[in-house]
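Same order as they appear, the protein sequences are chains Z and C. Note that my numbering gives residue 51 to position 51 of the first sequence, counting from 1, and the numbers run on in steps of one. Note that my numbering gives residue 123 to position 3 of the second sequence, counting from 1, and the numbers run on in steps of one.
2 protein chains.
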Amino acid sequence: MENPINFQSKFDLFKDHWSPKVIAEMNDYQFKVVKIKGEFVWHAHEDTDEVFLVIDGSMSIEFEDRVVALKDGEMMVVKKGERHRPFTKEECKVLLIEPRGVVNTGDERSDLTAPMDVWL
Amino acid sequence: MENPINFQSKFDLFKDHWSPKVIAEMNDYQFKVVKIKGEFVWHAHEDTDEVFLVIDGSMSIEFEDRVVALKDGEMMVVKKGERHRPFTKEECKVLLIEPRGVVNTGDERSDLTAPMDVWL
């Protein structure tokens, strides 16, 4: 992590969707890049908030009571325990910020559950 | 924090330099926007890492053994205790991510020491 981390350079390194890759750590928090497309599973993270910061494209997050639309240059904090479902029609490039050890599907296990601590 | 947070909209709300404004919290961490121009003071944060994420423009961070250049779409983690001095000739718009309670000038007090917990 000595050099600046360029988001686009990191996104150029992979093509798969819904599988976050760690690019940096700050204390016990991780910064992860992820490409998303289609619909994710409903889930919650019982122990932590989670930040979505859109680098390129647009996406939405469905909550039980609302849908929030996000585009590049925007971020949102999903609060601890809040059930949510990210989705997007077109591919979107996202930076996730959350504590080390967070499983992408939270309290749910599915085909979309990704391995943790995959570094780029 | 119900709605998406748009960085440019936040930057449009102020003009001063070197005075971070909180725009969101994730657990006990804060996201702060700051406009910087000129040279900051040498300082370190003895208790925490700190993230610089450039939203618009370019900047540099001088360390005791090197200088790292950053531009929009790039981020860097300054490690706990590492003395550093941000600087930039032209105004640069930055997102800082660090725990609640961090003083911008770290272990130094100067005219550039900004009030904490100023929310936008």
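Ideal Cβ positions, reconstructed from N, Cα and C, are used throughout, including at glycine.
Interface annotation, Ile5 (chain Z): in contact with chain C, CB-CB separation under 7 Å.
Under the 7 Å criterion on CB atoms, Met59 (chain Z) is classed as non-interfacial with respect to chain C. The beta-carbon of Glu202 (chain C) is placed no less than 7 Å from the nearest beta-carbon of chain Z. For Phe63 (chain Z), the enclosing beta strand (DSSP E) has its first and last residue at Ser58 to Phe63.
Note that the C-beta distance between Lys130 (chain C) and Leu240 (chain C) is below 7 Å.
Contact of Asn27 (chain Z) with chain C is assigned, a C-beta pair being separated by under 7 Å. By the criterion of a C-beta distance shorter than 7 Å, Asp28 (chain Z) is surrounded in its chain by Pro99 and Arg100, once the five residues flanking it on both sides are discounted. Assignment of beta-bridge partners to Phe31 (chain Z) by DSSP yields Z:Ala24 and Z:Ile97. By the CB criterion at 7 Å, Leu95 (chain Z) and Thr105 (chain Z) fall outside the cutoff. The three-state reading of DSSP puts Lys157 (chain C) in strand, counting E and B together. For Lys32 (chain Z), the closest C-alpha among the options Z:Trp42, Z:Leu70, Z:Val103 and Z:Asp107 is that of Z:Val103. Proximity of Asp49 (chain Z) to chain C, defined by a Cβ-Cβ separation below 7 Å, is satisfied. Using a Cβ-Cβ cut-off of 7 Å, Glu182 (chain C) does not count as an interface residue toward chain Z, since no Cβ of chain Z sits closer than that to its own. C-alpha of Ser110 (chain Z) to C-alpha of Val161 (chain C): approximately 49 Å in a straight line. Within the model, the alpha-carbon separation for Val197 (chain C) versus Glu74 (chain Z) is close to 21 Å. For Phe52 (chain Z), the secondary structure class from DSSP, reduced to helix, strand or coil, is strand. The beta carbons of Cys92 (chain Z) and Val54 (chain Z) sit about 6 Å from each other, so the pair counts as a contact at 8 Å. Following the DSSP letters along the chain, one finds Lys191 (chain C) inside the beta strand (DSSP E) bounded by residues Val187 to Lys191. Checking the DSSP bridge columns, you'll see Arg85 (chain Z) partnered with Z:Glu62.
Within its own chain, the residues whose Cβ lies closer than 6 Å to the Cβ of Ile181 (chain C), once the five positions on either side in sequence are excluded, are Val188, His204 and Pro206, listed in chain order.
Met26 (chain Z) is not a Cβ neighbour of Asp227 (chain C), given a cutoff of 7 Å. At a cut-off of 7 Å between beta-carbon atoms, Leu13 (chain Z) makes no contact with chain C.
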